[in-house]
Every structure is written in C-alpha cells, then in structure tokens.
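Below, the structure is given as structure tokens:
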C-alpha cells in the first residue's frame with residue numbers, strides 16, 4: 002500500500018510537470034506568433050510612412066525648384082533692364098563726348114591760327130627791337146664823342162661818387178645812432194641804479210663773527226687743555242677747529258677755515274665753560290647737540306631768506322647751502338645779508354627793465370651760494386654755485402646768471418649783467434666793506450690832486466661823495482675863458498687816470514673879491 006501510494010504520487014507529479022511544460026510551450030508559440038504579427042504590422046506601417054514622406058519630399062523639392070526658377074527669371078529680367086538702361090546712358094555719353102571732341106578740334110584750329118599770328122608779331126617786334134638798339138648805340142656813340150668819355154668810365158665814376166656819398170652818410174648816421182643809443186642807455190642805466198639805491202634800505206655793516214672766546218679767569222685754560230692735553234685734543238677732533246691758547250689774557254682763540262664748524266666750536270666752548278664739566282665724553286656730547294642746533298638754524302636762515310624775498314622754496318640742499326652763508330663773511334660783510342640785498346636790488350632793476358622780477362630775485366639770492374662750500378671744493382665760487390644750482394634743478398637762466406656774475410663764463414643774457422651789477426652795488430655801498438671805504442677815500446684824494454695840478458688853481462674840494470669836484474682859481478691869473486678850458490681839461494684828465502662809477506661834475510669857480518677894513 003505504501004509503495005503503490007508513493008509510485009502513484011510520483012506518476013502524478015511527473016504528469017503535472019509534463020502538463021505544465023506543454024502549457025508553457027503552447028503559450029510561448031502563441032506569444033511568438035502574436036509578436037511576429039505585430040512586427041509585420043509595424044514594418045508595413047513604416048513602409049507606408051516612408052513612401053508618404055518620400056512623396057512629400059519630392060513634391061516639396063519640385064515646389065522649391067519652381068520658386069527658385071521664378072526668382073531667377075525675375076532677377077534676370079531686372080538685370081536685362083538695367084543693362085539696357087546702362088547701354089542707353091553710355092550711348093548718350095558717347096554722343097556728348099563726340100560733340101566735345103569736335104568742339105575741341107575747332108578750338109585747336111583757332112589756337113593754332115592765333116599762335117601763328119603771335120609768332121609773326123614776335124618776329125616783327127624783334128626787328129623793331131634790333132632797330133631800337135642800333136639807334137641807342139648810335140646815340141651813345143655820338144654822346145661819347147661829344148663828351149670825350151666812354152659809357153663804362155661814366156658808370157664807374159658815377160658808382161664811385163654814389164658809393165662815397167653813401168659811405169659818408171651811413172657813417173654819419175651810424176655815429177649819430179650810436180651816440181644816441183649810448184646816451185639813452187647811460188641815462189636809463191643811471192636812472193635804474195639811482196632809483197634802486199633810493200628804494201633799498203639796508204644796514205651798513207652786518208655783525209661780524211667772532212673767533213675769540215672770552216674766559217672768566219686764567220685758571221680755565223688749564224681745564225680746557227686737560228690732563229696731558231686730552232681735553233683740547235678731544236675738542237679739536239670733534240669740531241675740526243684748532244684751539245690756540247697763548248698769552249692772550251682771559252681769551253681762547255679758535256682757528257679754522259670752515260665758518261660753520263668755527264661757530265659750532267665757539268658755542269660749544271662757551272657752553273662748556275658755563276657748565277664747568279670739561280672732559281672728552283662731555284665735549285663730544287655737547288658738540289653733537291650744538292651741531293644739531295646749528296644745522297637747524299642754518300635751515301631756518303635759508304627758509305627765512307626765501308620768505309623775505311617772497312620766493313617759492315627750493316630744494317632742501319639749496320636752502321641748507323644758502324643758510325650756511327649766515328656764518329660766512331667777505332670783507333666784513335655777511336654773505337647771506339649781501340645775497341638777500343642782491344636779490345632785492347636785482348629784482349628792482351629787472352622790474353624797471355620789464356624782465357621777470359621773481360626770476361631776477363632768485364638769481365641775486367643764489368649768486369654767491371658757491372661760497373658755502375668754496376673752502377671744500379676747488380674752483381671759482383661762481384662756477385661751484387652754478388654747478389650746485391644745475392644739480393638741484395634750478396632754472397637754466399638762474400644757473401647761468403650765478404656762473405656769469407664774475408664773468409667766469411661769458412655774460413650772454415640780460416639777467417647775467419643784472420646780477421653782476423647788483424653784486425657790485427651791494428658791495429660798493431659806503432660802509433659795506435672796509436676795503437671799499439679805503440678806496441673811496443683814495444678816490445677823493447686823487448680828485449683833489451688832479452685838480453690842483455693845473456696852473457692857476459688855488460684850492461679843490463671833492464663834495465657829494467666824490468660825484469663833484471669844486472675848483473677855486475686865482476682871478477688874476479685865470480680869465481673866464483681860461484676857467485672854461487680848465488674845467489674841460491680837468492674832466493678829461495679824470496677820465497684818463499681814474500676809474501669811478503657814474504659821472505663826476507667839475508665846477509671851476511672864479512670870483513673877484515673887494516675887501517676893506519673899517520678902522
């Protein structure tokens with residue numbers, strides 16, 4: 002029973018599996034058939050659609066072709082019309098050109114006839130001109146025979162006569178123009194210088210620098226020298242100035258070519274004496290402090306000079322060099338004050354002449370700037386100053402005026418001469434320089450000596466600061482006419498033997514005096 006039941010189960014299971022497989026095969030065949038039918042249907046639809054698209058494309062291509070053909074035919078027709086119109090215009094132009102060509106041919110024939118007529122007239126005129134020249138030649142020969150002189154000789158004599166007259170007249174005219182120009186220039190120059198001096202107000206003598214330091218007592222000399230001379234050596238090394246301690250009572254002399262260093266040494270020495278502490282480290286400390294103060298005062302002095310002349314500031318090095326002139330003197334005249342004075346004088350004269358006043362002031366102010374380093378740099382101070390001005394981009398005219406104010410280079414600009422004149426005026430003021438005062442007195446003595454050298458002169462007095470000499474003559478020995486001649490002779494001798502600014506008036510006085518005493 003059990004075995005049969007198992008076998009029956011297995012048979013049933015196999016029957017079920019076989020039936021399921023058969024069912025799947027049948028179902029698969031059915032689906033495959035359906036898929037083939039659907040694919041055939043899709044393929045037929047695609048073929049139909051392709052045929053439709055092809056027909057539509059063929060129709061569209063034919064339509065486009067027809068449209069292009071119609072457009073081409075229209076454009077071709079328009080081009081044909083344009084070509085036809087162009088042919089008409091060209092034909093019209095050709096007709097006009099033909100007419101113009103015919104007209105030109107006609108005018109050319111007329112011009113040819115006129116040219117021929119002109120040639121004939123020219124030949125006729127040539128014949129007439131030859132006849133005229135022959136007549137002139139014949140007439141000239143007749144005149145030469147009558148005057149007994151050839152034409153060439155007559156021309157030569159006439160030319161020589163005219164040339165001599167022209168030379169004489171031109172020489173006279175040139176002398177007159179030159180005299181008038183000199184007189185006018187002299188008059189104008191005197192007016193400018195006189196008005197400038199009248200307008201300028203300046204001190205006669207600037208303060209002088211001191212190279213001597215007073216001492217409260219003689220004992221301080223030993224402290225200045227120090228043990229084995231260490232203090233004085235430290236002082237000289239720090240300042241670059243020699244200290245001279247001699248038998249001069251209560252004084253120490255400072256010697257050096259650099260005025261700024263000498264001023265630093267002077268102030269340092271005075272402060273050390275006031276402080277009482279004199280030793281190498283204190284000396285070095287004090288020198289450094291005073292050097293800073295002096296450098297600051299130099300810059301302030303340079304800036305003040307530009308402000309005083311109302312000039313725009315310059316390069317800091319230019320300002321520093323200018324301020325250093327505060328400690329430089331020339332013939333007892335302070336160079337910085339002299340430079341400021343030259344700036345004012347130069348500006349005044351430039352204003353009178355119509356030249357740039359500010360530029361002239363700047364040139365006058367900077368003209369001696371080379372003196373600030375002339376003891377350190379070789380060469381003339383004018384050229385040194387010019388080089389510094391060029392280095393720090395000053396105006397070219399200012400640089401040239403600085404270099405030319407002593408004629409180290411040629412004076413080619415008006416500003417060069419103005420700076421030269423201003424420098425001379427500032428230095429030649431009475432009292433400005435000791436040397437000028439001595440030459441001024443000598444000039445007065447020479448004036449009186451020249452006047453007294455003539456016969457009949459009894460007394461001579463130089464007055465008005467040497468601008469006039471009054472001569473007293475003996476009325477018994479000298480007549481009025483002789484007095485006039487003496488004045489001329491004295492003036493001539495002064496011109497020959499003396500050098501002086503401006504002019505000198507010579508006045509000869511001859512008088513008769515009747516004297517009686519009441520008893």
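Residue numbers (the numbering used here): 2 to 520.
C-beta atoms are modelled at their ideal positions from N, C-alpha and C, and glycine is treated no differently.
In this chain, residue 250 is not harboured by any beta strand (DSSP E), its DSSP state being neither H nor E. For residue 495, the enclosing alpha helix (DSSP H) covers residues 481-498. The region 350-370 and the region 406-420 touch, with no fewer than 3 CB-CB distances between them shorter than 8 Å. Considering only 374, 484, 448 and 470, the residue with the shortest C-alpha distance to residue 456 is 484.
For residue 263, the enclosing alpha helix (DSSP H) begins and ends at 260-276. Around the beta carbon of residue 334, 16 or more other beta carbons lie within 10 angstroms, which makes this residue buried.
The Cβ-Cβ distance between residue 324 and residue 341 does not fall below 8 Å. When only Cα atoms are considered, residue 21 and residue 42 end up about 32 Å apart. Residue 145 and residue 151 have their C-alpha atoms spaced approximately 6 Å apart. Taking 8 Å as the cut-off, the Cβ atoms of residue 385 and residue 399 do not count as close.
Rounded to whole angstroms, the separation of the alpha carbons of residue 302 and residue 320 is 8 Å. By the neighbour-count definition (other C-beta atoms within 10 Å, threshold 16), residue 113 is an exposed residue. Around the beta carbon of residue 452, 16 or more other beta carbons lie within 10 angstroms, which makes this residue buried.
Residue environment for residue 251: exposed (fewer than 16 other C-beta atoms within 10 angstroms of its C-beta). Inter-residue distance for residue 492 and residue 498 is about 10 Å (C-alpha atoms, whole angstroms). For residue 470, the closest alpha carbon among the candidates 411, 482 and 444 is that of 444.
The DSSP-derived three-state label of residue 468 is coil.
Within a 10 Å sphere around the beta-carbon of residue 230 sit fewer than 16 other beta-carbons, which makes this residue exposed. Annotated three-state conformation of residue 448 is helix, per DSSP. The C-alpha of residue 235 is placed about 30 Å away from the C-alpha of residue 318. According to the DSSP assignment, residue 510 belongs to the beta strand (DSSP E) that extends over 506-510. Taking 8 Å as the cut-off, the beta carbon of residue 265 is found closer than this to the beta carbon of residue 291. DSSP places residue 240 in no beta strand (DSSP E) but in the uninterrupted alpha helix (DSSP H) bounded by 231-240. Secondary structure note for residue 292: its alpha helix (DSSP H) is the uninterrupted segment 281-309. Distance from the CA atom of residue 88 to the CA atom of residue 95, rounded to whole angstroms, is 10 Å. Between residue 343 and residue 424, the C-beta gap is smaller than 8 Å, which places the two residues in contact. Going by beta carbons, residue 402 and residue 420 fall inside the 8 Å limit. Ranking 406, 397 and 391 by CA distance to the CA of residue 381 puts 406 first. Note that the C-beta distance between residue 255 and residue 267 is below 8 Å.
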